[in-house]
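Engineer:
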Amino acid sequence: GGAAHRSAAGAPSPPARLAESLAAAPQPFLVEGGGVGPPSDELRAVFAVFGEMRASGVSPDRAAFNALVHACAREGDVPRAEGAFGEMVAAGIGPDAISYTCLLKACAVAGDHVRAERIWVEMQQRTNHYSTYTPPTPHSYAHLMAVQRRAGNASRTLQLLEELRASGLTPSTVHYSLALRACEQHRELPNSLQRALALYSQMRSQGLRLDSRGLLAATRLCDAHGRPDLSARLRQERSMDLPFGGAGKQRRSGGNS
């Protein structure tokens with residue numbers, strides 16, 4: 002029950018005031034034509050609340066803008082996500098790692114790897130909107146890896162995993178699974194199986210366990226290279242659920258934001 006959700010007695014409810022809220026909100030991100038199509042009911046509800054905040058004289062802070070960008074990201078609505086991001090910057094609020102990560106998530110959901118790379122480049126520049134430089138997070142890497150793998154760019158996907166490790170961050174099951182699936186996409190390459198097995202070894206050394214998609218990709222790759230013995234071994238080791246320290250120590254973070 003915050004100010005953004007309260008209505009005066011007898012006033013229309015937020016859904017009934019949707020058009021008014023959208024009209025009162027700043028351009029360009031709260032317009033019908035600003036995204037990939039008409040916003041979903043869920044997204045329109047978020048816009049309505051945001052518009053009511055403005056109508057009530059409440060200035061949205063970074064957290065509020067990030068929530069709006071993330072709502073757009075969940076829909077894969079890159080134009081509206083970028084519009085909300087731009088409105089935040091125009092309001093004099095510097096974006097943080099969460100802001101950029103939400104933009105990358107929007108691109109990942111939409112499958113727009115070109116725009117994701119553009120956002121990634123801007124994020125890396127020390128002359129971007131940050132007051133001080135903030136490096137990408139594991140979530141940022143996961144979203145970019147996901148959209149590049151989906152686009153069939155296996156080399157870029159694997160490169161990002163190496164960059165993540167070189168930056169001092171620790172890969173999670175999500176990152177390794179994306180990398181293994183990238184290897185399986187190019188199973189015709191002579192070194193694809195060797196690369197995948199090296200990734201699997203790194204996973205086990207960290208106490209991680211293959212997720213279902215990673216296991217499927219790895220076993221398909223083994224079978225494609227005539228190594229059903231390796232495929233069986235991978236399935237057996239995963240079923241044991243106790244690689245190098247047990248499942249209780251798995252790191253699963255990295256791709257849910």
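When you read off a place in the sequence shown, starting at 1, and then add 1, the result is the number in this note's numbering.
Cβ coordinates follow ideal geometry from the N, Cα and C atoms, glycine included.
Everything numeric in this text was worked out from a predicted model, so none of it was measured.
In terms of alpha-carbon separation, which member of G215, T158, D78, Q195 lies closest to G227?
Structural biologist: The residue you call residue 227 lines up with position 226 of the sequence shown. The residue with the shortest Cα to Cα distance from G227 is Q195.
Engineer: What separation, rounded to the nearest whole angstrom, lies between the Cα atoms of F86 and R182?
Structural biologist: The residue you call residue 86 lines up with position 85 of the sequence shown. The residue you call residue 182 lines up with position 181 of the sequence shown. Rounded to whole angstroms, F86 and R182 show a C-alpha spacing of 31 Å.
Engineer: With DSSP as the reference, label Q28 as helix, strand or coil.
Structural biologist: Numbered from its first residue, the sequence shown carries residue 28 at position 27. In this predicted model, Q28 has a pLDDT of only 37, less than 50, meaning its place in the structure is not dependable enough to derive any value.
Engineer: Give a yes or no on whether the C-beta atoms belonging to V110 and E83 are separated by under 9 Å.
Structural biologist: Numbered from 1 along the sequence shown, position 109 holds the residue referred to as residue 110. Numbered from 1 along the sequence shown, position 82 holds the residue referred to as residue 83. Against a cut-off of 9 Å, the Cβ pair of E83 and V110 comes out as no contact.
Engineer: Give the DSSP-derived three-state secondary structure of H226 in the structure shown.
Structural biologist: Here residue 226 refers to the residue found at position 225 when the sequence shown is read from its first residue. Reduced to three states, the DSSP call for H226 is coil.
Engineer: Helix, strand or coil: how does DSSP classify A265 here?
Structural biologist: Since the first residue shown for the chain is 2 and the last is 258, residue 265 is missing from the structure and cannot be characterised.
Engineer: DSSP three-state label for G215, please.
Structural biologist: On the sequence shown, position 214 is the one that residue 215 refers to. Correct three-state label for G215: helix.
Engineer: When you compare each of V50, G58, N67, C73 to P40 by their alpha carbons, which one comes out closest?
Structural biologist: If you number the sequence shown from 1, residue 40 lands on position 39. P40 has its Cα closest to that of C73, out of V50, G58, N67, C73.
Engineer: Residue range of the alpha helix (DSSP H) that R182 falls in?
Structural biologist: On the sequence shown, residue 182 is found 181 positions in, with the first residue counted as 1. Residues 174 to 186.
Engineer: Restricting to Cα atoms, I'd like to know which of Q207, G52, R188, S193 is closest to H176.
Structural biologist: Reading the sequence shown from its first residue, position 175 is the one you call residue 176. The option with the nearest alpha carbon to H176 is Q207.
Engineer: At the level of alpha carbons, what is the spacing between S178 and P172?
Structural biologist: Taking the first residue of the sequence shown as position 1, residue 178 is located at position 177. Taking the first residue of the sequence shown as position 1, residue 172 is located at position 171. Answer to the nearest angstrom: the Cα atoms are 10 Å apart.
Engineer: For R188, collect the residues of the same chain with a Cβ closer than 6 Å to its Cβ; drop the 5 residues on either side in sequence, then sort them by chain order.
Structural biologist: Counting from one through the sequence shown, the residue named residue 188 turns up at place 187. These residues qualify, in order along the chain: L222, A225.
Engineer: Could you spell out where the alpha helix (DSSP H) holding D62 opens and where it closes?
Structural biologist: Locating residue 62 in the sequence shown gives position 61, where the first residue counts as 1. From DSSP, D62 is part of no alpha helix (DSSP H); its letter is neither H nor E.
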